[in-house]
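Inspection log for the structure reproduced underneath, given as structure tokens.
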Amino acid sequence: MKKVLFVTYFWPPSGKASLHWPLDMIKYLPESNWHPALLTAQDDTFSQRDESFLEQIDPTLLVLKTKSLEPFNFYKRFIGKNKSDTLIASETISNTKKGIRHKLAVWIRLNLFIPDARVGWYFHSVVEGRKFLTGNYFDAIVSIGPPHTSHLIAKRLSKMFGISHYPVFIDPWTDIVYYQKLERSKLAAAVDNYFEKSVLLNAKKIVFVTKAMRESYIKKFPWVEQKSQVLYWGYN
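Letter by letter, the sequence shown follows residues 30 to 265 in my numbering.
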């Protein structure tokens with residue numbers, strides 16, 4: 030049986046809707062003679078939780094949880110929220126709030142945390158992932174993004190160990206819709222575009238969850254057509 034390592038920031042009891050894709054893939058892969066394992070973060074900082082997702086996980090699944098430096102915890106303090114207050118992802122990039130603290134926090138998020146505010150998860154995951162893969166052979170690495178930090182983690186591990194990388198795009202990277210309404214520095218945008226292209230070039234195969242997203246990427250990078258396919262997002 031072949032072995033595949035999934036890299037995904039969100040994992041139950043997180044209640045993110047995008048979890049349906051990796052949950053179902055991991056659940057049914059053994060039927061196709063693929064044995065999955067998982068690299069994920071210990072906790073996420075947002076409020077969505079769904080304990081029922083835990084019931085869908087095979088108790089024998091190997092889950093490697095790593096620490097993550099979470100800037101959203103600092104964001105809460107910076108804008109005056111308590112540590113226990115819930116945080117909604119959309120408010121961290123909203124341009125409707127007028128407070129100077131919020132505007133500064135959004136600028137920092139867009140221009141310093143590249144590719145996204147989960148970049149603090151990168152270093153812990155690469156270190157722990159390297160330790161894990163040193164003693165365990167895997168045939169493939171599948172990363173789920175966003176957050177696209179997961180793709181950078183998987184790309185790094187892929188190059189370290191010569192393992193084929195299959196990034197899965199639930200949403201676009203640099204062309205995500207909210208970037209069109211927010212200001213980023215030219216340098217930040219250039220670095221982010223470089224990261225995105227490097228992941229696409231390194232990938233053995235690229236997976237998009239919608240046909241429209243694949244077509245958009247082909248328009249941007251014509252060579253993507255030869256190394257990509259669509260596996261629709263959904264759940265059963």
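All C-beta atoms, glycine included, are put in the ideal place defined by N, C-alpha and C.
Check: CA-to-CA distance, Ile129 to Gln255, given in whole angstroms; Outcome: 46 Å
Check: Nearest residue (CA-CA) to Met54, options Ser245, Ile205, Val171 and Leu133; Outcome: Val171
Check: Trp262 beta carbon less than 8 Å from that of Gly228; Outcome: Here the sequence assigns Val to residue 228, which means Gly is not the residue at that position. No, they are not a contact pair.
Check: Proximity below 8 Å, CB of Gly174 to CB of Phe198; Outcome: yes
Check: Ile205 burial status per 10 Å Cβ neighbour count (16 or more: buried); Outcome: exposed
Check: Contact check, Trp150 vs Tyr38, beta carbons under 8 Å; Outcome: yes
Check: Neighbour-count burial assignment, Glu60, 16 or more Cβ in a 10 Å radius; Outcome: exposed
Check: 8 Å contact criterion, which Leu139 and Gly158 should meet: CB distance rounded; Outcome: Contact flag wrong, Cβ pair sits at about 27 Å.
Check: Reduced DSSP category for Ile137 - H, G, I as helix; E, B as strand; rest coil; Outcome: helix
Check: Entirely enclosed beta strand (DSSP E) segments - the stretch 174-232, minimum 3 residues; Outcome: 193-198
Check: Those residues which DSSP pairs with Ala66 across a bridge; Outcome: Leu34 and Leu91
Check: CB of Leu90 within 8 Å of CB of Pro65, strictly; Outcome: yes
Check: Within 8 Å, strictly: CB atoms of Thr69 and Val33; Outcome: no
Check: For Ala217 and Ile143, believed in contact at Cβ under 8 Å, the rounded distance; Outcome: 6 Å
Check: For Phe152, the first and last residue of its enclosing alpha helix (DSSP H); Outcome: Tyr151 to Thr163
Check: Continuous beta strand (DSSP E) stretch holding Ile235: start and end; Outcome: Ile235 to Phe237
Check: Selected residue, minimal CA-CA separation from Asp168, among Tyr195, Leu83, Val220 and Gln258; Outcome: Tyr195
Check: Neighbourhood of Asp145 by C-beta, 8 Å cutoff - its chain only, sequence neighbours within 5 removed; Outcome: Pro175, Pro176, His177 and Thr178
Check: Alpha-carbon to alpha-carbon, Lys215 and Gln71; Outcome: 33 Å
Check: Close beta carbons around Gln77, own chain, < 7 Å, minus the five adjacent residues each side; Outcome: Ser43, Gly44 and Lys45
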